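See structure below.
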(Lines of atoms letter the chains of each structure in order from A; the text may use other names.)
(Lines give C-alpha, C1' and ligand atoms only; values in the text may rest on other atoms or scores of the structure.)
Protein backbone atom coordinates (compact mmCIF):
# COMPACT_ATOMS: atom_id res chain seq x y z
CA UNK A 9 0.00 0.00 0.00
CA UNK A 10 1.39 3.38 -1.00
CA UNK A 11 1.89 5.69 2.03
CA UNK A 12 -0.35 8.73 2.19
CA UNK A 13 1.59 11.70 0.79
CA UNK A 14 2.16 14.25 3.51
CA UNK A 15 0.94 17.24 1.59
CA UNK A 16 0.49 20.54 3.43
CA UNK A 17 -2.80 20.86 1.49
CA UNK A 18 -4.45 17.43 1.61
CA UNK A 19 -7.89 16.79 0.08
CA UNK A 20 -10.88 17.80 2.19
CA UNK A 21 -11.57 15.08 4.79
CA UNK A 22 -14.27 12.47 4.31
CA UNK A 23 -14.14 11.36 7.95
CA UNK A 24 -15.71 13.51 10.65
CA UNK A 25 -15.91 13.37 14.43
CA UNK A 26 -18.72 15.69 15.53
CA UNK A 27 -19.75 16.33 19.13
CA UNK A 28 -23.53 16.36 19.43
CA UNK A 29 -23.37 17.50 23.05
CA UNK A 30 -20.86 18.48 25.70
CA UNK A 31 -23.15 17.32 28.52
CA UNK A 32 -23.12 13.94 30.22
CA UNK A 33 -25.19 11.95 32.73
CA UNK A 34 -22.19 10.02 34.08
CA UNK A 35 -19.35 11.18 36.31
CA UNK A 36 -16.55 8.95 35.05
CA UNK A 37 -13.34 9.02 37.04
CA UNK A 38 -11.37 8.85 33.79
CA UNK A 39 -13.11 11.71 31.93
CA UNK A 40 -12.09 15.36 31.77
CA UNK A 41 -15.75 16.41 31.65
CA UNK A 42 -16.16 15.22 35.25
CA UNK A 43 -13.43 17.67 36.25
CA UNK A 44 -14.66 20.70 34.31
CA UNK A 45 -14.33 19.84 30.63
CA UNK A 46 -12.97 22.14 27.94
CA UNK A 47 -16.02 24.06 26.68
CA UNK A 48 -19.40 25.21 28.07
CA UNK A 49 -21.92 22.39 28.37
CA UNK A 50 -24.61 22.50 25.71
CA UNK A 51 -26.20 20.49 22.90
CA UNK A 52 -25.49 20.88 19.20
CA UNK A 53 -28.50 22.54 17.58
CA UNK A 54 -29.90 21.26 14.29
CA UNK A 55 -28.91 24.42 12.42
CA UNK A 56 -25.37 24.12 13.79
CA UNK A 57 -25.23 20.48 12.76
CA UNK A 58 -26.22 21.41 9.20
CA UNK A 59 -23.78 24.32 9.18
CA UNK A 60 -20.96 21.85 9.85
CA UNK A 61 -21.86 18.75 7.84
CA UNK A 62 -23.10 20.62 4.77
CA UNK A 63 -19.61 22.04 4.30
CA UNK A 64 -18.19 18.56 3.59
CA UNK A 65 -18.57 17.70 -0.11
CA UNK A 66 -18.42 13.99 0.73
CA UNK A 67 -18.59 12.03 3.98
CA UNK A 68 -17.68 8.37 4.20
CA UNK A 69 -17.72 7.97 7.98
CA UNK A 70 -19.13 10.12 10.78
CA UNK A 71 -18.70 9.52 14.51
CA UNK A 72 -21.28 11.54 16.44
CA UNK A 73 -19.40 11.66 19.73
CA UNK A 74 -16.65 13.50 21.54
CA UNK A 75 -16.66 14.76 25.11
CA UNK A 76 -20.28 14.20 26.16
CA UNK A 77 -23.12 11.66 25.93
CA UNK A 78 -24.71 11.71 22.43
CA UNK A 79 -28.08 10.29 23.53
CA UNK A 80 -28.78 13.48 25.51
CA UNK A 81 -29.30 15.36 22.24
CA UNK A 82 -32.91 14.83 21.18
CA UNK A 83 -32.04 15.59 17.55
CA UNK A 84 -29.59 12.69 17.40
CA UNK A 85 -31.80 10.28 15.37
CA UNK A 86 -32.56 13.11 12.92
CA UNK A 87 -28.83 13.76 12.54
CA UNK A 88 -28.16 10.07 11.93
CA UNK A 89 -30.88 9.89 9.28
CA UNK A 90 -29.52 12.97 7.50
CA UNK A 91 -26.03 11.50 7.34
CA UNK A 92 -27.29 8.10 6.21
CA UNK A 93 -29.16 9.85 3.38
CA UNK A 94 -25.78 11.23 2.34
CA UNK A 95 -24.31 7.75 2.20
CA UNK A 96 -22.11 7.93 5.31
CA UNK A 97 -21.40 5.18 7.81
CA UNK A 98 -22.64 6.55 11.15
CA UNK A 99 -21.73 5.44 14.66
CA UNK A 100 -21.11 6.77 18.16
CA UNK A 101 -19.90 5.81 21.62
CA UNK A 102 -22.49 5.99 24.40
CA UNK A 103 -23.10 5.00 28.00
CA UNK A 104 -26.58 3.76 26.90
CA UNK A 105 -28.16 4.96 30.15
CA UNK A 106 -30.97 6.76 28.28
CA UNK A 107 -31.34 4.18 25.51
CA UNK A 108 -35.08 4.06 26.19
CA UNK A 109 -37.77 2.38 24.10
CA UNK A 110 -38.43 5.43 21.87
CA UNK A 111 -34.68 6.07 21.47
CA UNK A 112 -34.05 2.45 20.50
CA UNK A 113 -36.73 2.53 17.79
CA UNK A 114 -35.65 5.96 16.53
CA UNK A 115 -32.03 4.93 16.08
CA UNK A 116 -32.98 1.71 14.28
CA UNK A 117 -35.33 3.63 11.99
CA UNK A 118 -32.67 6.29 11.34
CA UNK A 119 -30.25 3.62 10.13
CA UNK A 120 -27.50 3.89 12.76
CA UNK A 121 -24.69 1.52 11.77
CA UNK A 122 -22.93 0.94 15.09
CA UNK A 123 -23.43 1.62 18.78
CA UNK A 124 -20.35 1.40 20.98
CA UNK A 125 -21.26 1.07 24.64
CA UNK A 126 -18.78 2.08 27.35
CA UNK A 127 -18.93 -0.16 30.43
CA UNK A 128 -15.46 -0.15 32.09
CA UNK A 129 -16.54 -2.98 34.37
CA UNK A 130 -18.50 -6.22 34.31
CA UNK A 131 -19.99 -5.85 37.79
CA UNK A 132 -22.32 -3.26 39.23
CA UNK A 133 -19.86 -2.19 41.94
CA UNK A 134 -16.90 -1.60 39.62
CA UNK A 135 -19.09 0.17 37.07
CA UNK A 136 -20.40 2.55 39.74
CA UNK A 137 -16.94 3.21 41.15
CA UNK A 138 -15.36 4.08 37.80
CA UNK A 139 -18.30 5.66 35.98
CA UNK A 140 -19.70 7.55 38.96
CA UNK A 141 -23.33 6.45 38.63
CA UNK A 142 -25.26 3.34 39.64
CA UNK A 143 -26.63 2.51 36.20
CA UNK A 144 -25.09 -0.85 35.32
CA UNK A 145 -28.31 -2.88 35.47
CA UNK A 146 -30.22 -0.26 33.47
CA UNK A 147 -27.58 -0.23 30.74
CA UNK A 148 -27.60 -4.02 30.37
CA UNK A 149 -31.42 -4.07 30.34
CA UNK A 150 -31.43 -1.38 27.63
CA UNK A 151 -29.05 -3.40 25.48
CA UNK A 152 -31.07 -6.59 25.91
CA UNK A 153 -34.21 -4.71 24.90
CA UNK A 154 -32.43 -3.20 21.89
CA UNK A 155 -31.48 -6.70 20.76
CA UNK A 156 -35.08 -7.87 21.27
CA UNK A 157 -36.45 -4.96 19.22
CA UNK A 158 -33.96 -5.55 16.40
CA UNK A 159 -35.02 -9.20 16.26
CA UNK A 160 -38.69 -8.20 16.26
CA UNK A 161 -38.13 -5.76 13.38
CA UNK A 162 -35.73 -8.03 11.49
CA UNK A 163 -33.07 -5.30 11.73
CA UNK A 164 -29.37 -6.07 11.66
CA UNK A 165 -28.33 -2.54 12.64
CA UNK A 166 -27.07 -0.97 14.76
CA UNK A 167 -24.40 -3.51 15.60
CA UNK A 168 -23.39 -3.28 19.26
CA UNK A 169 -19.94 -3.57 20.84
CA UNK A 170 -18.91 -3.27 24.49
CA UNK A 171 -16.01 -0.92 25.27
CA UNK A 172 -13.74 -1.31 28.28
CA UNK A 173 -11.16 1.29 29.36
CA UNK A 174 -8.31 -0.79 30.77
CA UNK A 175 -7.16 0.27 34.25
CA UNK A 176 -5.03 -1.51 36.78
CA UNK A 177 -8.10 -1.43 39.03
CA UNK A 178 -10.53 -3.09 36.62
CA UNK A 179 -8.62 -5.26 34.12
CA UNK A 180 -9.44 -8.52 35.92
CA UNK A 181 -13.12 -7.92 35.12
CA UNK A 182 -12.64 -7.92 31.35
CA UNK A 183 -13.46 -11.66 30.96
CA UNK A 184 -16.86 -10.81 32.45
CA UNK A 185 -17.70 -8.74 29.37
CA UNK A 186 -18.06 -11.90 27.31
CA UNK A 187 -21.30 -13.17 28.93
CA UNK A 188 -22.61 -9.60 28.97
CA UNK A 189 -21.91 -9.31 25.25
CA UNK A 190 -23.75 -12.57 24.68
CA UNK A 191 -26.77 -11.29 26.64
CA UNK A 192 -26.79 -8.05 24.65
CA UNK A 193 -26.29 -9.82 21.28
CA UNK A 194 -23.17 -7.70 20.82
CA UNK A 195 -20.75 -8.47 18.02
CA UNK A 196 -17.63 -7.91 20.09
CA UNK A 197 -15.72 -6.26 22.90
CA UNK A 198 -13.02 -3.62 22.69
CA UNK A 199 -10.15 -2.92 25.05
CA UNK A 200 -9.42 0.80 25.10
CA UNK A 201 -6.18 2.27 26.39
CA UNK A 202 -6.43 4.74 29.24
CA UNK A 203 -5.76 8.35 28.23
CA UNK A 204 -4.29 9.84 31.37
CA UNK A 205 -3.86 13.42 32.50
CA UNK A 206 -3.59 13.13 36.29
CA UNK A 207 -7.29 13.74 36.99
CA UNK A 208 -9.35 11.22 39.00
CA UNK A 209 -8.35 7.71 37.96
CA UNK A 210 -6.76 8.90 34.70
CA UNK A 211 -3.26 8.57 36.12
CA UNK A 212 0.04 7.01 35.15
CA UNK A 213 -0.39 4.56 38.04
CA UNK A 214 -3.62 3.23 36.50
CA UNK A 215 -2.22 2.95 32.97
CA UNK A 216 -1.26 -0.52 31.76
CA UNK A 217 0.54 0.68 28.65
CA UNK A 218 4.04 -0.72 28.85
CA UNK A 219 3.39 -1.91 32.42
CA UNK A 220 1.35 -5.08 31.93
CA UNK A 221 1.88 -7.62 34.69
CA UNK A 222 1.24 -11.35 34.38
CA UNK A 223 -2.08 -11.35 36.27
CA UNK A 224 -3.38 -8.60 33.99
CA UNK A 225 -2.11 -10.32 30.85
CA UNK A 226 -3.76 -13.52 32.04
CA UNK A 227 -7.12 -11.76 32.37
CA UNK A 228 -6.82 -10.46 28.81
CA UNK A 229 -5.93 -13.91 27.50
CA UNK A 230 -8.89 -15.40 29.36
CA UNK A 231 -11.20 -12.84 27.78
CA UNK A 232 -9.71 -13.54 24.33
CA UNK A 233 -10.27 -17.27 24.71
CA UNK A 234 -13.86 -16.82 25.96
CA UNK A 235 -14.63 -14.38 23.15
CA UNK A 236 -13.28 -16.83 20.58
CA UNK A 237 -15.56 -19.58 21.89
CA UNK A 238 -18.58 -17.28 21.64
CA UNK A 239 -17.66 -16.01 18.18
CA UNK A 240 -17.10 -12.46 19.44
CA UNK A 241 -14.58 -10.10 17.92
CA UNK A 242 -12.08 -8.92 20.55
CA UNK A 243 -10.38 -5.72 19.36
CA UNK A 244 -8.19 -3.08 20.95
CA UNK A 245 -6.73 0.39 20.51
CA UNK A 246 -4.30 0.53 17.63
CA UNK A 247 -6.21 -2.01 15.52
CA UNK A 248 -4.17 -4.87 16.95
CA UNK A 249 -4.46 -7.73 19.43
CA UNK A 250 -5.43 -6.57 22.97
CA UNK A 251 -2.24 -7.65 24.72
CA UNK A 252 -0.12 -6.23 21.88
CA UNK A 253 -2.09 -2.99 22.17
CA UNK A 254 -0.63 -2.42 25.63
CA UNK A 255 2.94 -3.13 24.52
CA UNK A 256 4.96 0.00 23.64
CA UNK A 257 6.24 0.52 20.13
CA UNK A 258 10.01 0.79 19.62
CA UNK A 259 11.58 4.02 20.81
CA UNK A 260 11.51 6.91 18.39
CA UNK A 261 8.87 9.37 17.26
CA UNK A 262 5.52 7.55 17.52
CA UNK A 263 3.66 10.72 16.54
CA UNK A 264 5.32 10.67 13.12
CA UNK A 265 3.05 7.80 12.04
CA UNK A 266 -0.11 9.79 12.77
CA UNK A 267 -2.20 10.74 9.73
CA UNK A 268 -5.25 12.16 11.49
CA UNK A 269 -4.52 15.82 10.59
CA UNK A 270 -4.45 14.75 6.92
CA UNK A 271 -7.53 12.52 6.89
CA UNK A 272 -10.18 13.51 9.46
CA UNK A 273 -11.72 16.49 11.18
CA UNK A 274 -12.84 16.69 14.81
CA UNK A 275 -15.43 19.40 15.50
CA UNK A 276 -16.67 20.31 18.96
CA UNK A 277 -20.18 21.37 19.91
CA UNK A 278 -18.93 24.98 19.76
CA UNK A 279 -17.68 24.57 16.20
CA UNK A 280 -14.00 24.40 17.12
CA UNK A 281 -11.86 22.20 14.88
CA UNK A 282 -9.26 20.12 16.74
CA UNK A 283 -6.51 17.86 15.34
CA UNK A 284 -8.00 14.64 16.75
CA UNK A 285 -10.29 13.21 19.43
CA UNK A 286 -7.46 12.59 21.92
CA UNK A 287 -5.79 16.01 21.93
CA UNK A 288 -8.34 17.78 24.21
CA UNK A 289 -7.90 15.09 26.86
CA UNK A 290 -4.21 15.60 27.42
CA UNK A 291 -3.36 19.13 26.30
CA UNK A 292 -2.40 21.73 28.85
CA UNK A 293 -3.09 24.52 26.35
CA UNK A 294 -6.55 24.04 24.88
CA UNK A 295 -6.57 27.27 22.90
CA UNK A 296 -3.38 26.11 21.19
CA UNK A 297 -5.06 23.08 19.59
CA UNK A 298 -8.02 24.99 18.12
CA UNK A 299 -7.24 25.08 14.40
CA UNK A 300 -10.31 27.06 13.36
CA UNK A 301 -14.06 27.32 13.85
CA UNK A 302 -16.67 26.11 11.35
CA UNK A 303 -19.33 28.51 12.66
CA UNK A 304 -17.18 31.46 11.63
CA UNK A 305 -15.00 30.05 8.84
CA UNK A 306 -15.44 27.75 5.88
CA UNK A 307 -14.07 24.22 5.94
CA UNK A 308 -11.63 25.19 3.18
CA UNK A 309 -10.34 28.17 5.18
CA UNK A 310 -9.70 25.98 8.20
CA UNK A 311 -8.44 22.79 6.51
CA UNK A 312 -6.03 24.64 4.22
CA UNK A 313 -5.29 27.47 6.65
CA UNK A 314 -2.04 28.39 8.36
CA UNK A 315 -2.84 26.78 11.72
CA UNK A 316 -3.46 23.39 10.16
CA UNK A 317 -0.43 23.74 7.87
CA UNK A 318 1.80 24.59 10.84
CA UNK A 319 0.39 21.69 12.85
CA UNK A 320 1.02 19.21 10.04
CA UNK A 321 4.52 20.55 9.52
CA UNK A 322 5.43 20.35 13.20
CA UNK A 323 4.03 16.83 13.51
CA UNK A 324 6.74 15.63 11.13
CA UNK A 325 9.57 16.99 13.27
CA UNK A 326 11.32 15.99 16.49
CA UNK A 327 9.39 18.79 18.23
CA UNK A 328 5.73 17.97 17.56
CA UNK A 329 2.73 19.99 18.79
CA UNK A 330 2.25 19.89 22.56
CA UNK A 331 -0.54 17.27 22.83
CA UNK A 332 1.27 14.94 20.42
CA UNK A 333 4.34 14.67 22.65
CA UNK A 334 2.45 12.20 24.85
CA UNK A 335 1.69 9.95 21.88
CA UNK A 336 2.95 6.47 22.69
CA UNK A 337 3.17 7.36 26.39
CA UNK A 338 -0.04 8.94 27.69
CA UNK A 339 -1.82 7.38 24.75
CA UNK A 340 -0.77 5.86 21.46
CA UNK A 341 -1.80 5.11 17.92
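Residue numbers (my numbering): 9 to 341. Just so you know, even glycine gets a beta-carbon here, dropped at the ideal spot from N, CA and C. As the structure is a prediction and not an experimental result, all values here were calculated from the model.
message: Suppose contacts are defined by Cβ-Cβ distances below 8 Å. Is residue 120 in contact with residue 98 by that definition?
response: yes
Distance between residue 183 and residue 142 (C-alpha atoms, nearest Å): Using only the alpha carbons, I get a separation of about 21 Å.
- request: Report the three-state DSSP secondary structure of residue 322 (helix, strand or coil).
  value: helix
- prompt: residue 30 and residue 49 look like a contact to me (Cβ under 8 Å); what is the Cβ gap, rounded to whole Å?
  reply: 5 Å
Per-residue DSSP class, three states only, for residue 299: Assignment of residue 299 by DSSP, reduced to helix, strand and coil, places it in the coil class.
query: How would you label residue 236, buried or exposed, when you count the other beta carbons within 10 angstroms and need 16 or more for buried?
result: exposed
message: Which same chain residues end up closer than 6 Å to residue 54 when comparing Cβ atoms and leaving out the 5 residues on each side of it in sequence?
response: 83
- request: Indicate, with yes or no, if the ligand NAP has a heavy atom lying under 7 Å from the CB of residue 214.
  value: This structure lacks the ligand NAP, and indeed carries no ligand of any kind.
field: Straight-line gap, residue 269 to residue 221 (C-alpha atoms, nearest Å)
entry: Rounded to whole angstroms, the separation of the alpha carbons of residue 221 and residue 269 is 34 Å.
query: Hey, how far is the Cα of residue 241 from the Cα of residue 196?
result: 4 Å
task: Return the CA-CA distance between residue 147 and residue 137, expressed in angstroms with no decimal places.
output: 15 Å
field: DSSP state of residue 31 mapped onto helix, strand, coil
entry: coil
- prompt: Would the segment 34–44 and the segment 271–283 be scored as touching if the rule is three or more Cβ pairs under 8 Å?
  reply: The segment 34–44 is not in contact with the segment 271–283.
message: Quick check on this structure: which residue in 167, 112, 163 and 90 has the alpha carbon closest to the alpha carbon of residue 59?
response: 90
- prompt: Starting from residue 273 and walking both ways along the alpha helix (DSSP H), at which residues does that stretch end?
  reply: No alpha helix (DSSP H) contains residue 273, which is instead part of the beta strand (DSSP E) from 272–275.
- request: Please name the residue or residues paired with residue 171 in a DSSP beta bridge.
  value: 126 and 198
task: Measure the C-alpha to C-alpha separation of residue 228 and residue 24 and round it to an integer number of angstroms.
output: 31 Å
message: Measuring CB atoms only, is the segment 205–212 touching the segment 152–167, in the sense that at least three cross pairs come out at less than 8 Å?
response: no
task: For my contact list, residue 26 and residue 72 are in at a C-beta cut-off of 8 Å; report their separation, rounded to the angstrom.
output: 6 Å
task: Find the nearest neighbour of residue 123 within the set 144, 291 and 77, judged by alpha-carbon distance.
output: Taking the Cα of residue 123 as reference, the smallest distance to any Cα among 144, 291 and 77 is reached at 77.
- request: Measure from the alpha carbon of residue 266 to the alpha carbon of each residue in 52, 169 and 331, then state which is nearest.
  value: 331
Unbroken beta strand (DSSP E) run spanning residue 25, endpoints: 23–26
message: Once DSSP output is grouped into helix, strand and coil, what is the label at residue 2?
response: Outside the shown range of the chain (9 to 341) lies residue 2, about which nothing can therefore be said.
message: Can you tell me whether residue 51 is buried or exposed? The criterion is at least 16 other CB atoms within 10 Å of its CB, across all chains shown.
response: buried
field: Rounded straight-line distance, which links the Cα of residue 153 to that of residue 185
entry: 18 Å
task: Compare the C-beta of residue 126 against all C-beta atoms of chain D and say whether one is closer than 8 Å.
output: Absence of chain D from the displayed structure is noted, only one protein chain being present.
- request: Compare the Cα-Cα distances from residue 217 to each of 238, 239, 244 and 192 and report the closest residue.
  value: 244
task: With distances taken Cα to Cα, identify the nearest neighbour of residue 178 among 149, 155, 212 and 130.
output: 130
message: Can you tell me whether residue 55 is helix, strand or coil according to DSSP?
response: helix
field: Start-to-end residues for the beta strand (DSSP E) that takes in residue 242
entry: Segment 241–244, the beta strand (DSSP E) holding residue 242.
task: State buried or exposed for residue 15, treating a residue as buried only when at least 16 other CB atoms are found within 10 Å of its CB.
output: Exposed is the call here.
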